[in-house]
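Chains as they are written, first to last, in my numbering: chain A, 58 to 861; chain B, 155 to 458.
Built from N, CA and C at the ideal position, the CB exists for glycine as well.
This report refers to the structure that appears directly beneath it.
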């Protein structure tokens, strides 16, 4: 007979643990099931002494367990102490393999064979998933490990690394310095890894530093007797039969199984296939399975404090208590500005009633959405956003109206329930128009990340935004004077098409039957001249290509290729031709653009080497840049004053490396931030600390928690984690007394951090284009010879021409 | 786009410098002092004051360069002005002297100033010439990458040599030990790397062997300056078979590649040191000038 509890909690992360502690505090029967032998295994595995932060600072903590920013050790100690004091019922090493509904409750089975019964289940298993093990006999032997803290710990061993991802490669390369390393790759290449890592491992294999078994998989691991020279023997299935490796240590880096499959098997539904989506849950954190609650990252709350609050609240909800959600005071503060505000619930209802786009989402999603958003009540005539700003927030109109300024005397009015700002959100480029507030205007301003999260998790929201985007893009680009009815047939026939970097959108010489409006990413236009592809121009998002074939010429006069991952709106040729016929102004405009482009293309064709510079820059990923640092190596005297200036104006750490990076025709692309249109670093930032300033600078705010996601996500390696260096002495103090390091000098090496001492708090740092300093980027300003400049991709053609 | 400090702002400071020059020249020839032209006339004092102020301002460049948050003009603009006005100073100071020189503090100050300015001229020359040479020499690699490759080639050469004969191994090892990049000022500037002794030896042996149509050589010493080669030649003459000859050819390929890399690294270091070296004269001399100038001004006022 299985033990029965009121609440079974799966996973002892911040959310689950907090729920269990609350249940223990209230004397409710409960069990906390943890797969690993430790509480909060994800945090347990953080490196020693790591500083854990407690963002968001404004949110009050509501949990029987203590939590405030500090070292990993201090936080874990406090939790363990709390769990012990409250006599929480924890079962370690109980990995749950299934949760099934049974009568009024659930039956929970574990991989070790035990089963539990409960009335309610709280799932707090996070998004990290379970570490994938070797999956063969011997996978749990001592010296078979799935993590590597410090590669320098090992010396003179024979180590087998299993895996072909970034983690495996980084470990293998680091270990190879002092050990004999063998890497096992299931496939015949390292295609999954970042470019830099792939190059590093291939070189190490070429040089014989690392031995690699391709197309191979482990079959069995045996422990050898102590008298043997090696500790273990691994039997390997390779293409050419079996192989045997004698080794001291095996490190498996096979990634993790996403928890989604498990969660779905429990009956919980996900809104769509997007891997970023999380299950929809009620305001009480209940999933579509009655009695099964979800807390923490899996429920869409990735931060420790949020999850702990949820753990507390979920127990209260299960007991039938009403608790004011911890975010209630925050929401109240937000809504206070709204005219006619009475209480938060009423305000939320009003928002959903008035804004159709937001009526598709659950109340809990709306709460979270509103926490991230701001309510704005501008006066009539106030500027809400300005044309050419780089801001990327999204606006929904709750009440009143706004005016979009098309030109001096033409305005378009948007009313209650509509939204705007989707252009910059999707294309990652500057605002296409200035927007002024109208009468009685109440707006919700939502940051990019929250909006993208919503688009990713609610299909209806995505559909609606896409539809409006297409219509507005066509109208603003081609027919501002036409009414919506006039362009409706072309809007209906428009399709969103996606291209990967390097894909052909159309090829020179083929019959052109459509026009492409670039929505995300950018294209290069090239012609085949003497058997060589010569790049003629660069087309950023917001512009169109293929109009030449619409104006008489049938064949494409040049090829268009996606410079980076790109989305275009494909407009049907016939529908477009009809629009042109109806609209003589458009015809004239297209012809003007046509002759301008032809002239520009001819100019570029006259100097084919110019195209080479552009294609070199595109190869360096400059196609997705908005602002890139280039150094003319014919002017650069290698004084590194740019790096020094960067360090001196940014708390002592330079955010650029001058020497690193490729060079072509004396144009050097140093390792420094390009402020991408769709910054890779923003992709997965738990505290949402990375933002884009109005002038386009992508910067990291102080609420960074130092998790390193952005560093890993940046394909250009321009982000690093750094701690604050010691303060520098003044110029005279340094000159006369030698007090500390001088201007431009790196800080003197500190002695090694002592055992037990907290490691210094590290945060991610990157180029912010000196947005807080007047006069522009310090690297460019500090270049004595004029070698360093910053330009945007739109300037590439003229840049290429300036360098003939 | 990119713009050199010499052409900064349409050569604004070139024109400022030229106007200063022209003004000083006109004033000098127009002025008719009592006695010969000298520093004690009103024009002398004026030119002297301009010169002294210029020197103070030119030296402030060092501070401006190090105050990275300073927003007064760009550093390129400052350097442009530093170069053109510094050049103009030469004539301003010369006219200030009225061509009166002697074995005294005043002439010492003038001499130091001249040295500072001419070392600066070399700096301008270096800044214009070496960046391009350096880029071409690097051929897209970083210095660290080249050094890494040299290290690898060394290891490969050793492994190969080991398979041929212990004696050849010893020669290659000695050559590796003798490869020295960087070092004292002279070796930096002369771009010496001493990496080719083994290469020369191995190549000579192979040529000698080929001349004999693959037949073992009879031992005439081929090199005078590399006594260790005798052993190598003897070895090849005596017992080298085809496999060893093949390995030796490979060894030569590796050593050649290494040689060219080592030369490139040495040249890279040479260019960089030339771009930095002149500052070790320019800056200390300018401080000496400051001291001499202070003395010069004090003395002049003392005897007033």
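Residue range 129-142 is occupied by the alpha helix (DSSP H) that includes residue 142 of chain A.
In summary, residue 706 of chain A is buried, with 16 or more beta-carbon neighbours lying within 10 Å of its beta-carbon over all protein chains present. When the Cα atoms are used, residue 183 of chain A and residue 367 of chain A turn out to be separated by approximately 13 Å. Here the alpha carbon of residue 699 of chain A sits roughly 26 Å from the alpha carbon of residue 209 of chain B. Using a Cβ-Cβ cut-off of 9 Å, residue 300 of chain B does not count as an interface residue toward chain A, since no Cβ of chain A sits closer than that to its own.
When A:762, A:627, A:708, A:596 are compared, the shortest CA-CA separation from residue 782 of chain A is found for A:708. Residue-level contact check: residue 701 of chain A touches chain B, since one or more beta carbons of chain B fall below 9 Å from its beta carbon. Per DSSP, reduced to three states, the secondary structure at residue 563 of chain A is strand. Of all residues in the segment 155-169 of chain B, only 155, 156, 157, 158, 159, 162 place a beta-carbon less than 7 Å from a beta-carbon of chain A.
Assigned with DSSP and collapsed to three states, residue 274 of chain A falls in strand. Taking C-beta atoms as the reference points, residue 311 of chain A and residue 132 of chain A fail to come closer than 9 Å. Inter-residue distance for residue 384 of chain A and residue 199 of chain A is about 46 Å (C-alpha atoms, whole angstroms).
Judged by DSSP in its simplified three-state form, residue 580 of chain A adopts strand. For residue 384 of chain A, there is no enclosing beta strand (DSSP E), as DSSP gives it neither H nor E. At a beta-carbon threshold of 7 Å, the residues of chain A lying near residue 285 of chain B are 690, 691, 692, 693, 694, ordered along the chain.
Per DSSP, residue 747 of chain A is one residue of the beta strand (DSSP E) stretching across 747-749. In this model, residue 443 of chain A and residue 736 of chain A are separated by some 21 Å (Cα to Cα).
Contact annotation: residue 472 of chain A and residue 454 of chain A have beta-carbon atoms nearer than 9 Å. Scanning chain A for C-beta atoms nearer than 8 Å to the C-beta of residue 306 of chain B yields 264, reported in chain order.
Residue contact check for residue 404 of chain B against chain A: no CB pair falls below 9 Å. A residue is called buried once 16 or more other Cβ atoms fall within 10 Å of its Cβ, and residue 110 of chain A is buried on that count. Collapsing the DSSP output to three states places residue 440 of chain B in a helix. Close to chain A, meaning a Cβ-Cβ distance shorter than 7 Å, are the following residues of the segment 413-432 of chain B: 426, 429. A straight line joining the alpha-carbon of residue 564 of chain A with that of residue 607 of chain A spans about 15 Å. Of the candidates A:275, A:212, A:226, A:262, A:275 places its Cα closest to the Cα of residue 195 of chain A.
Taking C-alpha positions only, residue 243 of chain A is separated from residue 293 of chain A by approximately 11 Å. The beta carbons of residue 630 of chain A and residue 569 of chain A sit closer together than 9 Å. Scanning the segment 184-219 of chain B for uninterrupted beta strand (DSSP E) segments of 3 residues or longer gives nothing; none is fully contained. Residue state for residue 639 of chain A is assigned as helix, using DSSP reduced to three classes. Just measuring C-alpha positions, the residue of B:456, B:457, B:446 sitting nearest residue 259 of chain B is B:446.
For chain B, the residues of the segment 815-840 of chain A that bring a beta carbon within less than 9 Å of one of its beta carbons are 830, 831, 832, 833, 835, 837, 838, 839, 840, in chain order.
Annotation for residue 304 of chain A: the continuous beta strand (DSSP E) segment containing it runs 298-304. Annotation: residue 411 of chain B has no Cβ neighbours in chain A at a cutoff of 7 Å; minimum Cβ distance is about 15 Å.
Counting only runs of at least 4 residues, the segment 412-477 of chain A fully encloses the following alpha helix (DSSP H) elements, listed from N- to C-terminal order: 420-429. Taking C-beta atoms as the reference points, residue 670 of chain A and residue 721 of chain A count as a pair closer than 9 Å. The Cβ atoms of residue 573 of chain A and residue 548 of chain A do not sit closer than 9 Å to each other.
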